[in-house]
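2 protein chains.
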Amino acid sequence: MFELLNQRPELAELLRQELDDVTSIFEEQLTSDIPAVSELCVHINRYRGKMLRPTLLLVSSLGCNTTYLKDKKGLTKKHRIVAAVTEMIHMATLVHDDVLDLAQMRRNGPTINEQNGNQTAVMFGDYLISNAFHLCSKAGDPSINLRLGDVTNTLCEGELIQLSHRDDVTISEETYFQIISKKTASLIGACCELGAILAGAPDNVVKAMWQFGCSLGIAFQIRDDLLDLMGEQELLGKHPGKDMDAGEFTLPLIDYFGHTPESQQAPMMAHLRSGDAVAVRSELLASRSVDRSMERAAAFVQNAKDQLDVLDDSDARLLLSEIADQVIVRTS
Amino acid sequence: MFELLNQRPELAELLRQELDDVTSIFEEQLTSDIPAVSELCVHINRYRGKMLRPTLLLVSSLGCNTTYLKDKKGLTKKHRIVAAVTEMIHMATLVHDDVLDLAQMRRNGPTINEQNGNQTAVMFGDYLISNAFHLCSKAGDPSINLRLGDVTNTLCEGELIQLSHRDDVTISEETYFQIISKKTASLIGACCELGAILAGAPDNVVKAMWQFGCSLGIAFQIRDDLLDLMGEQELLGKHPGKDMDAGEFTLPLIDYFGHTPESQQAPMMAHLRSGDAVAVRSELLASRSVDRSMERAAAFVQNAKDQLDVLDDSDARLLLSEIADQVIVRTS
Numbered sequence: 018m019f020e021l022l023n024q025r026p027e028l029a030e031l032l033r034q035e036l037d038d039v040t041s042i043f044e045e046q047l048t049s050d051i052p053a054v055s056e057l058c059v060h061i062n063r064y065r066g067k068m069l070r071p072t073l074l075l076v077s078s079l080g081c082n083t084t085y086l087k088d089k090k091g092l093t094k095k096h097r098i099v100a101a102v103t104e105m106i107h108m109a110t111l112v113h114d115d116v117l118d119l120a121q122m123r124r125n126g127p128t129i130n131e132q133n134g135n136q137t138a139v140m141f142g143d144y145l146i147s148n149a150f151h152l153c154s155k156a157g158d159p160s161i162n163l164r165l166g167d168v169t170n171t172l173c174e175g176e177l178i179q180l181s182h183r184d185d186v187t188i189s190e191e192t193y194f195q196i197i198s199k200k201t202a203s204l205i206g207a208c209c210e211l212g213a214i215l216a217g218a219p220d221n222v223v224k225a226m227w228q229f230g231c232s233l234g235i236a237f238q239i240r241d242d243l244l245d246l247m248g249e250q251e252l253l254g255k256h257p258g259k260d261m262d263a264g265e266f267t268l269p270l271i272d273y274f275g276h277t278p279e280s281q282q283a284p285m286m287a288h289l290r291s292g293d294a295v296a297v298r299s300e301l302l303a304s305r306s307v308d309r310s311m312e313r314a315a316a317f318v319q320n321a322k323d324q325l326d327v328l329d330d331s332d333a334r335l336l337l338s339e340i341a342d343q344v345i346v347r348t349s
Numbered sequence: 018m019f020e021l022l023n024q025r026p027e028l029a030e031l032l033r034q035e036l037d038d039v040t041s042i043f044e045e046q047l048t049s050d051i052p053a054v055s056e057l058c059v060h061i062n063r064y065r066g067k068m069l070r071p072t073l074l075l076v077s078s079l080g081c082n083t084t085y086l087k088d089k090k091g092l093t094k095k096h097r098i099v100a101a102v103t104e105m106i107h108m109a110t111l112v113h114d115d116v117l118d119l120a121q122m123r124r125n126g127p128t129i130n131e132q133n134g135n136q137t138a139v140m141f142g143d144y145l146i147s148n149a150f151h152l153c154s155k156a157g158d159p160s161i162n163l164r165l166g167d168v169t170n171t172l173c174e175g176e177l178i179q180l181s182h183r184d185d186v187t188i189s190e191e192t193y194f195q196i197i198s199k200k201t202a203s204l205i206g207a208c209c210e211l212g213a214i215l216a217g218a219p220d221n222v223v224k225a226m227w228q229f230g231c232s233l234g235i236a237f238q239i240r241d242d243l244l245d246l247m248g249e250q251e252l253l254g255k256h257p258g259k260d261m262d263a264g265e266f267t268l269p270l271i272d273y274f275g276h277t278p279e280s281q282q283a284p285m286m287a288h289l290r291s292g293d294a295v296a297v298r299s300e301l302l303a304s305r306s307v308d309r310s311m312e313r314a315a316a317f318v319q320n321a322k323d324q325l326d327v328l329d330d331s332d333a334r335l336l337l338s339e340i341a342d343q344v345i346v347r348t349s
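Now the structure itself:
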């Protein structure tokens with residue numbers, strides 16, 4: 018997946034093993050002898066993709082405590098449990114997001130709402146949230162429960178603010194950044210922060226790693242929103258244009274309206290009203306809004322990478338830097 | 018609310034104060050400076066009714082440790098936090114239940130899905146679950162997080178089993194009891210159990226209180242299902258017949274089909290298919306199924322009350338017994 022890992026087989030092998038263990042914990046937590054539940058748990062395993070959040074947590078810990086890689090036994094069960102929890106929280110948000118967006122497709126397959134109906138998707142999302150907290154309690158550290166409870170509160174706030182701005186073509190850039198900070202960056206920031214905390218890093222490092230994750234998360238979401246507007250279904254594994262269909266106007270459009278004189282906005286408004294995704298796309302391409310949005314994302318990546326200065330040189334630090342770069346060049 | 022409390026002003030006053038404190042903790046947890054969130058939090062306060070779950074937790078603790086009432090300072094902040102958590106979990110299930118049932122009305126007012134749309138209701142339910150776990154973590158006792166995480170897992174399992182049996186006229190009594198044990202009795206059982214644990218009760222008492230709550234919870238749900246079939250909208254504060262509309266067949270109907278020869282089932286089947294609630298109601302009344310369902314509920318109440326033998330005599334014990342009796346005579 019990452020260039021650096023090709024050149025560092027030891028780190029690659031350690032990460033592979035750790036992520037396998039995280040996957041086992043994840044799957045064990047969701048094992049159920051109730052058919053109505055276990056069938057959904059099998060389905061959700063197909064959703065799991067890049068494991069970005071557990072990876073960031075583990076690599077952040079490795080970057081904050083370079084002795085981990087040396088003795089190979091540094092990462093603990095607690096790391097793996099919390100990593101699995103972050104992935105489960107993420108999965109729960111995907112399941113409910115698909116309900117909110119009436120999405121039919123994810124990772125080239127049907128969503129749970131498409132296959133089992135909205136009601137089952139609502140309840141199964143609840144089951145995942147509940148299991149995430151249940152699993153988190155097994156780490157036996159109330160401060161982590163408290164931290165992740167705070168993150169999921171924030172995450173829901175972001176979604177609620179976004180819902181309250183549906184069909185709001187005049188949504189401000191400030192509100193857009195508030196939404197994506199809360200709904201996306203909060204969890205990714207917490208992953209990097211918790212990685213640092215579990216590594217026993219000092220406060221300034223914990224704070225820098227949190228900032229690293231938040232900036233990376235914002236860049237990630239800007240890229241996600243760009244892909245939804247401009248991406249190809251085959252690469253995405255899902256229908257593009259979902260945000261527009263849901264009445265969610267993201268950075269490229271906000272930028273477009275911010276840079277286009279009001280007297281010239283009528284055609285774009287008409288395309289948005291009629292839901293003409295192709296026309297919206299070509300208007301955006303003709304403007305500089307896509308480029309400018311990418312530049313904004315790149316600036317957040319740079320800010321993220323600047324935070325890594327608090328870490329000693331290590332392969333893990335290099336990998337964190339590469340992950341940050343990767344976030345804005347991905348096509349899926 | 019309860020006869021006994023009229024005769025025991027001291028206990029009544031203590032409970033009133035404690036429940037006021039629980040309400041304050043509940044409301045403080047849901048305070049938000051984000052308008053999109055705070056408006057929903059105000060709405061949810063209208064949902065709060067009998068506070069059955071916090072009441073059971075507090076009275077169970079009082080019943081398990083009779084010194085509490087004597088020095089009036091026995092109940093701790095931890096009791097009140099956990100009591101507020103159980104109410105918040107309950108509220109979250111109501112919000113998502115209303116989405117699942119397409120319910121328009123609760124406590125004589127519009128539901129969140131009716132007023133703000135399904136999507137906002139899904140996300141606000143998530144916000145309540147998340148806040149429940151966040152608040153629970155503030156009690157600083159991982160074993161309580163673990164216990165309540167287990168309860169919410171179970172609760173979701175119950176809902177998922179119920180969803181998988183929608184429109185299943187042949188649903189068995191066994192499955193019905195599995196569903197209501199999981200979706201209703203698990204939380205009520207845990208309230209009484211946690212009350213005992215927080216009072217420092219020995220294992221046999223903790224177990225008996227859990228059983229008390231489970232049996233009471235099953236009786237409560239049977240009564241709820243009966244009221245949905247037979248109750249009056251004005252008393253219920255919501256539309257009756259919701260279960261039938263949702264394709265959920267509950268004890269009176271399961272009993273009806275179990276006691277009616279197949280050759281005589283056609284009229285009832287026709288009424289169910291056409292959704293003729295009035296005809297279903299009169300068929301049921303003409304049979305003994307309503308009476309028999311009430312008898313089943315009464316047997317669970319008796320089982321619940323039998324568990325109280327492990328407790329010393331006290332006003333709290335008498336109150337628990339009265340609450341159990343009340344569960345099956347309520348009309349709303």
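Protein chains in written order, with our numbering: chain A, 18 to 349; chain B, 18 to 349. Just so you know, even glycine gets a beta-carbon here, dropped at the ideal spot from N, CA and C.
Review point. What does a CB cutoff of less than 6 angstroms around residue 76 of chain B pick up in its chain, not counting 5 residues either side in sequence?
Key: Here residue 76 of chain B refers to the residue found at position 59 when the second sequence is read from its first residue. Closer than 6 angstroms at Cβ, skipping near neighbours: 333, 336, 337.
Review point. How many Å lie between residue 325 of chain B and residue 214 of chain A at the Cα?
Key: Along the second sequence, one-based indexing puts residue 325 of chain B at 308. Along the first sequence, one-based indexing puts residue 214 of chain A at 197. If you take the alpha carbons of residue 325 of chain B and residue 214 of chain A, they lie about 47 angstroms apart.
Review point. In terms of residue numbering, what span does the alpha helix (DSSP H) encompassing residue 273 of chain B cover?
Key: As a first step, residue 273 of chain B is located in the second sequence; it is residue number 256 there, counting from the start. Note, residue 273 of chain B: alpha helix (DSSP H), 268-276.
Point to revise | Within 9 angstroms, strictly: CB atoms of residue 85 of chain A and residue 74 of chain A | key: Here residue 85 of chain A is taken as the residue at index 68 of the first sequence, counted from 1. Here residue 74 of chain A is taken as the residue at index 57 of the first sequence, counted from 1. Cβ distance not < 9 angstroms, so residue 85 of chain A and residue 74 of chain A don't count as in contact.
Point to revise | From A:52, A:81, A:44, residue whose alpha carbon lies closest to that of residue 63 of chain A | key: The residue you call residue 63 of chain A lines up with position 46 of the first sequence. Checked all of A:52, A:81, A:44; the closest Cα to residue 63 of chain A is A:44.
Review point. Apart from the five residues on each side of it in sequence, which residues of its chain come closer than 6 angstroms, Cβ to Cβ, to residue 199 of chain B?
Key: The sequence position of residue 199 of chain B within the second sequence is 182, counting from 1. Same-chain partners within the cutoff: 171, 174, 175.
Review point. If you scan the stretch 37-70 of chain B from start to end, which runs of the alpha helix (DSSP H) of 4 or more residues do you find wholly inside it?
Key: 52-62
Exercise for review: Would you list, in sequence order, the uninterrupted alpha helix (DSSP H) runs of no fewer than 4 residues that lie entirely inside the stretch 150-192 of chain B?
Suggested key: 159-181
Review point. Counting only beta-carbon atoms, is residue 154 of chain A nearer than 9 angstroms to chain B?
Key: As a working note, residue 154 of chain A is residue 137 in the first sequence. Yes, residue 154 of chain A counts as interfacial toward chain B.
Exercise for review: Answer with yes or no whether the minimum CB distance from residue 147 of chain A to chain B is below 9 angstroms.
Suggested key: As a working mapping, residue 147 of chain A is identified with position 130 in the first sequence. With respect to chain B, the C-beta atom of residue 147 of chain A has a partner C-beta closer than 9 angstroms.
Exercise for review: With 9 angstroms as the threshold, decide whether the Cβ of residue 169 of chain B is near any Cβ in chain A.
Suggested key: Indexing the second sequence from 1 puts residue 169 of chain B at position 152. Yes, because at least one Cβ of chain A sits closer than 9 angstroms to the Cβ of residue 169 of chain B.
Practice item. Along the alpha helix (DSSP H) that carries residue 82 of chain B, what are the first and last residues, could you check? Key: On the second sequence, residue 82 of chain B is found 65 positions in, with the first residue counted as 1. First-last for residue 82 of chain B: undefined, no H or E at that position.
Practice item. Would you give the residue range spanned by the alpha helix (DSSP H) that residue 111 of chain B belongs to? Key: Numbered from 1 along the second sequence, position 94 holds the residue referred to as residue 111 of chain B. Run containing residue 111 of chain B: 94-117, per the alpha helix (DSSP H) assignment.
**Study point:** Per DSSP, cross-strand counterpart(s) of residue 126 of chain A
**Key:** For the purposes of this step, residue 126 of chain A is identified with residue 109 of the first sequence, where counting begins at 1. Beta-bridge pairing links residue 126 of chain A to A:123.
Review point. Roughly how far, in whole angstroms, is the beta-carbon of residue 61 of chain A from the beta-carbon of residue 122 of chain A, given that I think they are within contact range, below 8 angstroms?
Key: Numbered from its first residue, the first sequence carries residue 61 of chain A at position 44. Numbered from its first residue, the first sequence carries residue 122 of chain A at position 105. The pair is not a contact, with the Cβ atoms about 15 angstroms apart (cut-off 8 angstroms).
Point to revise | Under 7 angstroms by beta carbon: chain B residues contacting residue 141 of chain A | key: Counting from one through the first sequence, the residue named residue 141 of chain A turns up at place 124. Within 7 angstroms Cβ-Cβ: 177.
Practice item. Taking residue 318 of chain A as part of the alpha helix (DSSP H), name the residues at either end of that continuous run. Key: Working through the first sequence from its first residue, we reach residue 318 of chain A at position 301. Per DSSP, residue 318 of chain A belongs to the alpha helix (DSSP H) from 306-324.
Point to revise | When B:71, B:81, B:25 are compared against residue 225 of chain B, the one with the closest alpha-carbon | key: Residue mapping note: residue 225 of chain B aligns to position 208 of the second sequence, counting from 1. Among B:71, B:81, B:25, the Cα nearest to that of residue 225 of chain B belongs to B:81.
Exercise for review: Taking residue 332 of chain A as part of the alpha helix (DSSP H), name the residues at either end of that continuous run.
Suggested key: Along the first sequence, read from residue 1 onward, the residue named residue 332 of chain A stands at position 315. Looking at the DSSP string, the run of the alpha helix (DSSP H) that includes residue 332 of chain A is 332-344.
Review point. Ordered along the chain, which non-local residues of its own chain (more than five positions away) have a Cβ less than 8 angstroms from that of residue 203 of chain B?
Key: To locate residue 203 of chain B, count along the second sequence from 1; it is residue 186. So the list reads 168, 171, 172, 175, 231, 234, once near-sequence residues are dropped.
Review point. First and last residue of the alpha helix (DSSP H) that includes residue 289 of chain B?
Key: The residue given as residue 289 of chain B occupies position 272 in the second sequence. First-last of the alpha helix (DSSP H) with residue 289 of chain B: 283-291.
Exercise for review: Quick one: grab the DSSP three-state call for residue 349 of chain B.
Suggested key: The residue given as residue 349 of chain B occupies position 332 in the second sequence. Residue 349 of chain B: coil per DSSP, three-state reduction.
Practice item. Counting only the same chain and skipping the five closest in sequence on each side, list residues whose C-beta sits under 6 angstroms from that of residue 28 of chain A. Key: Here residue 28 of chain A refers to the residue found at position 11 of the first sequence. Excluding positions up to five away in sequence, the list reads 332.
Review point. Between which two residues does the alpha helix (DSSP H) containing residue 206 of chain B stretch?
Key: Residue mapping note: residue 206 of chain B aligns to position 189 of the second sequence, counting from 1. It spans 203-215 - the alpha helix (DSSP H) in which residue 206 of chain B sits, taken as one unbroken run.
Review point. With DSSP run on the structure shown, which of helix, strand or coil describes residue 224 of chain A?
Key: Position 207 of the first sequence, counted from the start, is the residue given in the question as residue 224 of chain A. Residue state, collapsed to three classes: helix.
Exercise for review: Determine the burial state of residue 155 of chain B: buried for a count of at least 16 other Cβ atoms within 10 Å of its Cβ, exposed for fewer.
Suggested key: Taking the first residue of the second sequence as position 1, residue 155 of chain B is located at position 138. That one is buried.
Point to revise | Own chain partners of residue 248 of chain B with C-beta closer than 6 angstroms, once the 5 adjacent residues on each side are dropped | key: Taking the first residue of the second sequence as 1, we reach residue 248 of chain B at position 231. Excluding five sequence positions before and after residue 248 of chain B, the CB atoms of its chain that fall closer than 6 angstroms to its own CB belong to 257, given in chain order.
**Study point:** Interfacial residues, the stretch 113-143 of chain A to chain B, with Cβ spacing under 7 angstroms
**Key:** Of all residues in the stretch 113-143 of chain A, 113, 116, 117, 136, 137, 139, 140, 141, 143 have a Cβ within less than 7 angstroms of some Cβ in chain B.
Exercise for review: Taking C-beta pairs closer than 7 angstroms, name the residues in chain A that residue 54 of chain B reaches, listed in chain order.
Suggested key: As a working mapping, residue 54 of chain B is identified with position 37 in the second sequence. By Cβ distance, chain A contributes 174, 177.
**Study point:** Cβ of residue 150 of chain A within 9 angstroms of any chain B Cβ
**Key:** One-based indexing of the first sequence puts residue 150 of chain A at position 133. For residue 150 of chain A, the answer is yes, since a Cβ of chain B falls inside 9 angstroms of its Cβ.
Review point. Nearest chain B C-beta to residue 158 of chain A closer than 9 angstroms, yes or no?
Key: Looking up residue 158 of chain A in the first sequence gives position 141. Yes, contact with chain B.
**Study point:** Span separating the alpha-carbon of residue 20 of chain B from that of residue 228 of chain A
**Key:** Here residue 20 of chain B refers to the residue found at position 3 when the second sequence is read from its first residue. Here residue 228 of chain A refers to the residue found at position 211 when the first sequence is read from its first residue. Spanning the two alpha carbons is a distance of roughly 58 angstroms.
Exercise for review: Can you give me the Cβ contacts of residue 66 of chain A inside the same chain, cut-off strictly under 8 angstroms, excluding the 5 residues immediately before and after it?
Suggested key: On the first sequence, residue 66 of chain A is found 49 positions in, with the first residue counted as 1. Closer than 8 angstroms at Cβ, skipping near neighbours: 124.
Check your understanding: With distances taken from CA atoms, which of B:118, B:110, B:126, B:300 is nearest residue 141 of chain B?
Key -> The count along the second sequence starts at 1 and reaches residue 141 of chain B at position 124. Measuring from the Cα of residue 141 of chain B, the nearest candidate turns out to be B:110.
Check your understanding: Using 8 angstroms as the threshold, is the stretch 265-284 of chain A in touch with the stretch 306-326 of chain A, meaning 3 or more CB pairs across them?
Key -> yes
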